[in-house]
Amino acid sequence: MKQELREKINRSILILKKMEPIALKYRDFGFIGAFSGGKDSQVIRQLLNMAEVSHIMKYQWTTIDPPEVLHFIRSEYPDVIIERPKETFWQLCLRHRLLPTQFKRFCCRELKESKDSNCVTVTGVRHQESPKRMQRQEVEIMTRRRHPDYVRGTLDQFNMYRETHVDCIMGKDKLVVNPILEWTEHDVWDFLHYMDLPSCELYDRGYNRVGCLFCPMASRRSLHMMEHDYPKYRAAFIRLIHRIREKRVSDGGYDVYQSLTDEEVFSAWLNKKPLRQVFAERCQTCIPFED
Numbered sequence: 001m002k003q004e005l006r007e008k009i010n011r012s013i014l015i016l017k018k019m020e021p022i023a024l025k026y027r028d029f030g031f032i033g034a035f036s037g038g039k040d041s042q043v044i045r046q047l048l049n050m051a052e053v054s055h056i057m058k059y060q061w062t063t064i065d066p067p068e069v070l071h072f073i074r075s076e077y078p079d080v081i082i083e084r085p086k087e088t089f090w091q092l093c094l095r096h097r098l099l100p101t102q103f104k105r106f107c108c109r110e111l112k113e114s115k116d117s118n119c120v121t122v123t124g125v126r127h128q129e130s131p132k133r134m135q136r137q138e139v140e141i142m143t144r145r146r147h148p149d150y151v152r153g154t155l156d157q158f159n160m161y162r163e164t165h166v167d168c169i170m171g172k173d174k175l176v177v178n179p180i181l182e183w184t185e186h187d188v189w190d191f192l193h194y195m196d197l198p199s200c201e202l203y204d205r206g207y208n209r210v211g212c213l214f215c216p217m218a219s220r221r222s223l224h225m226m227e228h229d230y231p232k233y234r235a236a237f238i239r240l241i242h243r244i245r246e247k248r249v250s251d252g253g254y255d256v257y258q259s260l261t262d263e264e265v266f267s268a269w270l271n272k273k274p275l276r277q278v279f280a281e282r283c284q285t286c287i288p289f290e291d
């Protein structure tokens, strides 16, 4: 193992050890490790064990998880608590009367992010993953307060904040610790190989993430792989689209998809095409031209 990675491991363990007293203040069992079955959450679980801090691991089942992920967790990580949602993904979409998009991620908010308030959660978020995650910090207080007085920064900055704030978490707020922010994907794989930890088979099949099926945040390449690998889920989404259209009309609204078939709506959603673009392309193909 390279010295640089050893230093990152030590830094991550130090963060967890220093945050443990705060975690125990809010929950008797300490940290809640956010487990997804993916490589980053595997690292988090291993680091929590290496740091010898009090914790439990939780997996938020969304009802559109790849079957391979659930099998992997149950077989390799039986200690992980699989938490079932009160409302399935399908019910959630029907209630909202639309499918989630990159800009309307109600599914992620309601099935994952809103869980386990008033606690200290450890995640496997890394800066390298996306421009948005480049803004994330080692310690963050996630709050719904309109004008929050809270900190997003390093562990040292958080400790300075605590000197003048007795209670850092209130109500539905939660403290999030991101101990592997500076790790690269190469670091993650090197660590897993060094620790001789297995990984979900989806990585071997070419997927670069193991999140929800047909997640709008996934790349087009991954989405088309899912379309091929999970035909039953594809059919379920098309049925869902039909039910959403029916509910819109029965609720006194109108069908925004107009003359598009359910298959065409699914194709547009899968390819992340705005409806106006789909309608514009359809109009262009219908314009008669004279010789």
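Our numbering puts the first residue of the sequence shown at 1, with every later residue one more than the last.
The C-beta atom is built at its ideal place from N, Cα and C for all residues, glycine as well.
Note that this is a predicted model, so its numbers are computed, not measured.
- Excluding residues up to 5 positions away in sequence, His-127 lie with their Cβ nearer than 7 Å to the Cβ of Met-134 in the same chain.
- Within the segment 79 to 150, the complete beta strand (DSSP E) runs of at least 3 residues fall at 81 to 83, 120 to 122, 139 to 142.
- Non-local beta-carbon contacts of Val-265 in its own chain, meaning distances under 6 Å to residues more than five positions away in sequence, involve Ile-241, Tyr-257 in chain order.
- About 6 Å separates the beta carbon of Glu-83 from that of Lys-58, a gap short enough to meet the 8 Å contact definition.
- Fewer than three pairs of CB atoms, one per stretch, sit closer than 8 Å, so the segment 92 to 104 makes no contact with the segment 112 to 125.
- Within the same chain, and ignoring the five residues on either side of Glu-201 in sequence, the residues whose Cβ sits closer than 6 Å to its Cβ are Glu-68.
- Here the alpha carbon of Ala-218 sits roughly 18 Å from the alpha carbon of Ser-41.
- Tyr-233 carries a helical assignment under DSSP once its states are collapsed to helix, strand and coil.
- Here Gly-37 is actually not in contact with Ile-15; their C-beta atoms are around 23 Å apart, not less than 8 Å.
- In this chain, the beta strand (DSSP E) harbouring Tyr-59 covers 55 to 60.
- Taking every protein chain shown into account, the CB of Thr-101 has fewer than 16 other CB atoms within 10 angstroms, so this residue is exposed.
- Nearest C-alpha to Lys-174 among Lys-2, Cys-107, Phe-106, Gly-33: Gly-33.
- Take the alpha-carbon of His-96 and the one of Asp-190: they are about 42 Å apart.
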